[in-house]
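Trainee: The structure that follows is given in the form of structure tokens.
In our numbering, the protein residues as written are 1136 to 1641.
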């Protein structure tokens, strides 16, 4: 009897141990997001086409809104739904607010360029506070209003001269120059014409920086090894050369400001603000000291993050409007009926222009300048849509795909600003269906300035001119070229016709 009792106890003990072992094993099972089959070494890189946001969108259609790719040696989670984006940017914002490290033997000499990719911590919080309070607050944006309005007037006058002869104009180039000139004046206190570097040279430098930073870099996908490829292809040396020129230029402008310290100036520029902040913080134990490299980093991020994206948004808006005459006519009717015979639209007039604001929202839905946002990195393991995302995973949010999700938007490929009529959805990071500027801790600090420039520029183009295709052109090529921002493949060339109300006094 005792033998059978002992055998029974032993059996129960074995069963209990097996169950405990199984339970323990189950706890360590990681439920990763689905992933397409990958290849040795390159992983899923071969599935990323020339226009990455479209390639990733097609993969999400097959594998779901949360997928994991292996891009070279880098595990990357692609988010393609508003629900999953909310989990990353709101629910787990703190755990997902890291940036991929740019450290390594192939790193550029100008380490201040890492500011946008700074790890989450005291340094990042200090710089973010400077940008949010000192540079891009509502009060500060308003202080640069006269600069923006003067540049709008200059652009309108330039277009008017072409309109007299019904000459086609390269609107893409003009919008970039307009945006860059505003940024130059706000940053340095002078435009291209007054800068130490020739205006055309400075613009070419910005263009080349965009192209290089948006090109394939092996070190992004093969950390600590890819730099060898970047050196062999010349990419590393070209970037060094570009940013050496920027460095020299920025240092010269800073030195000039230090020599003059223009106290008599009626309006401070961004360098004045940052130099004053540097002086105010000297000796303070509570603040992260502002150095010249911090100032250069902020300037670099303003140019790379603001100039191109603002110009592109207006360019895409004009392209869509010319292709949709009904929408353009409705927008122009609203502007002209509210503004009347005024020669230009002032910034305080914009608040009356509800349909124009809907046009801007619709443009940013279909054509977000940064289609994948800047990459994030998980600081700890998290769950997104029920999937386990390991620590140190890169996360990219395909806001282009979210903006065209048929579950969120009726007729998503159609340019239809009326969809925002009586809709609470905005682009300020509170609604995850529309995320052109991101959200959460890593959301764009220059949102208010960017939107102000887009709305003011677009309103004046529509108020002062009628627009049509050049002779022999029946439609606009809407193909994209991916880079740091997503451009039209071909320049937007249109023929303006000036309105009499805007020609008075010329």
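Every residue gets a Cβ at the ideal spot worked out from N, C-alpha and C, and that includes glycine.
Run through DSSP, which three-state label would residue 1624 get?
Mentor: Against the chain shown, residue 1624 aligns to sequence position 489. Coil.
Trainee: First and last residue of the alpha helix (DSSP H) that includes residue 1535?
Mentor: As a first step, residue 1535 is located in the chain shown; it is residue number 400 there, counting from the start. Start and end: 1534–1537.
Trainee: Ends of the alpha helix (DSSP H) at residue 1132?
Mentor: Shown here, the chain extends from 1136 to 1641; a query on residue 1132 therefore has no answer.
Trainee: Measure the C-alpha to C-alpha separation of residue 1383 and residue 1431 and round it to an integer number of angstroms.
Mentor: Position 248 of the chain shown, counting from 1, holds the residue named residue 1383. Position 296 of the chain shown, counting from 1, holds the residue named residue 1431. Taking the straight line joining both Cα atoms gives about 10 angstroms.
Trainee: What number of angstroms, rounded off, separates the C-alpha of residue 1434 from the C-alpha of residue 1233?
Mentor: Indexing the chain shown from 1 puts residue 1434 at position 299. Indexing the chain shown from 1 puts residue 1233 at position 98. One C-alpha to the other measures close to 22 angstroms.
Trainee: So what does DSSP say about residue 1239, is it helix, strand or coil?
Mentor: In the chain shown, the residue the question calls residue 1239 occupies position 104. In this prediction, residue 1239 has a pLDDT of 49, which is less than 50 and means its spatial position is unreliable; what the coordinates show is noted afterwards. In this structure, residue 1239 counts as coil in the three-state DSSP scheme.
Trainee: Pick out whichever of 1563, 1284, 1491, 1533 has its Cα sitting closest to the Cα of residue 1594.
Mentor: By one-based count along the chain shown, residue 1594 stands at place 459. Of the listed residues, the one whose Cα sits closest to residue 1594 is 1491.
Trainee: Let's see if you can read the secondary structure: which residues bound the alpha helix (DSSP H) around residue 1356?
Mentor: Along the chain shown, read from residue 1 onward, the residue named residue 1356 stands at position 221. First-last of the alpha helix (DSSP H) with residue 1356: 1353–1356.
Trainee: Measure the alpha-carbon distance for residue 1694 versus residue 1165 and round it to whole angstroms.
Mentor: The first residue shown for the chain is 1136 and the last is 1641, placing residue 1694 beyond what the model contains.
Trainee: Contact defined as beta carbons within less than 8 angstroms: I believe residue 1266 pairs with residue 1580. What is the distance between those atoms, to the nearest angstrom?
Mentor: As a working mapping, residue 1266 is identified with position 131 in the chain shown. As a working mapping, residue 1580 is identified with position 445 in the chain shown. The pair is a contact, with the Cβ atoms about 4 angstroms apart (cut-off 8 angstroms).
Trainee: Helix, strand or coil, according to DSSP, for residue 1602 in the structure here?
Mentor: In the chain shown, the residue the question calls residue 1602 occupies position 467. Residue 1602 falls in the strand class under three-state DSSP.
Trainee: Between which two residues does the beta strand (DSSP E) containing residue 1201 stretch?
Mentor: As a working mapping, residue 1201 is identified with position 66 in the chain shown. Unbroken beta strand (DSSP E) run through residue 1201: 1201–1206.
Trainee: At which residue ranges does the stretch 1172–1231 contain complete alpha helix (DSSP H) runs of 4 or more residues, listed in the order of the chain?
Mentor: Runs of the alpha helix (DSSP H) inside the stretch 1172–1231: 1187–1198, 1217–1221.
Trainee: Nearest to residue 1229 by alpha carbon, out of 1500, 1578, 1560?
Mentor: Taking the first residue of the chain shown as position 1, residue 1229 is located at position 94. Nearest of 1500, 1578, 1560 to residue 1229, Cα basis: 1578.
Trainee: Taking Cβ to Cβ, would you say residue 1404 is nearer than 8 angstroms to residue 1321?
Mentor: By 1-based counting over the chain shown, the position of residue 1404 is 269. By 1-based counting over the chain shown, the position of residue 1321 is 186. Cβ atoms of residue 1404 and residue 1321: closer than 8 angstroms.
Trainee: In angstroms with no decimal places, state the Cα-to-Cα distance between residue 1292 and residue 1280.
Mentor: Position 157 of the chain shown, counted from the start, is the residue given in the question as residue 1292. Position 145 of the chain shown, counted from the start, is the residue given in the question as residue 1280. Their backbone Cα atoms lie some 18 angstroms apart in a straight line.
Trainee: When you compare the CB positions of residue 1389 and residue 1414, do they come within less than 8 angstroms of one another, or not?
Mentor: Residue 1389 sits at position 254 when you count from the first residue of the chain shown. Residue 1414 sits at position 279 when you count from the first residue of the chain shown. Against a cut-off of 8 angstroms, the Cβ pair of residue 1414 and residue 1389 comes out as no contact.
Trainee: Please name the residue, chosen from 1339, 1554, 1217, that lies closest to residue 1311 on a Cα-to-Cα basis.
Mentor: As a working note, residue 1311 is residue 176 in the chain shown. The residue with the shortest Cα to Cα distance from residue 1311 is 1339.
Trainee: Apply the 10 Å Cβ neighbour rule to residue 1351 and answer buried if 16 or more other Cβ atoms are within range, or exposed otherwise.
Mentor: Sequence index remark: in the chain shown, residue 1351 carries index 216 (1-based). It counts as exposed.
Trainee: Using a Cβ-Cβ cutoff of less than 7 angstroms, which residues in the same chain neighbour residue 1408 once the five nearest sequence positions on both sides are dropped?
Mentor: The sequence position of residue 1408 within the chain shown is 273, counting from 1. So the list reads 1269, 1270, once near-sequence residues are dropped.
Trainee: Would DSSP call residue 1630 helix, strand or coil?
Mentor: For the purposes of this step, residue 1630 is taken as the residue at position 495 of the chain shown. Strand.
Trainee: What does residue 1522 pair with, by DSSP beta-bridge criteria?
Mentor: Counting from 1 along the chain shown, the entry for residue 1522 is found at position 387. Looking at the DSSP assignment, residue 1522 forms a beta bridge with 1519.
Trainee: Nearest-angstrom Cα distance between residue 1260 and residue 1576?
Mentor: Your numbering for residue 1260 matches position 125 in the chain shown. Your numbering for residue 1576 matches position 441 in the chain shown. Distance between the alpha carbons of residue 1260 and residue 1576: 9 angstroms.
Trainee: Below 8 angstroms between beta carbons: does that hold for residue 1306 and residue 1628?
Mentor: To locate residue 1306, count along the chain shown from 1; it is residue 171. To locate residue 1628, count along the chain shown from 1; it is residue 493. It is a contact, given that the beta carbons lie within the stated cut-off.
Trainee: Alpha helix (DSSP H) containing residue 1300: first to last residue?
Mentor: The residue labelled residue 1300 in the question sits at position 165 within the chain shown. It is not in any alpha helix (DSSP H) - residue 1300 carries neither H nor E in the DSSP assignment.
Trainee: With a threshold of 6 angstroms on Cβ separation, who are the neighbours of residue 1191 within its own chain once the five nearest residues in sequence on each side are excluded?
Mentor: Position 56 of the chain shown holds residue 1191. If we look at residue 1191 and ignore the five residues flanking it on each side, its Cβ neighbours are 1213, 1533.
Trainee: Excluding sequence positions up to five away, which residues of its chain have a Cβ less than 8 angstroms from the Cβ of residue 1394?
Mentor: Here the question's residue 1394 lines up with position 259 in the chain shown. Nothing listed; no residue qualifies.
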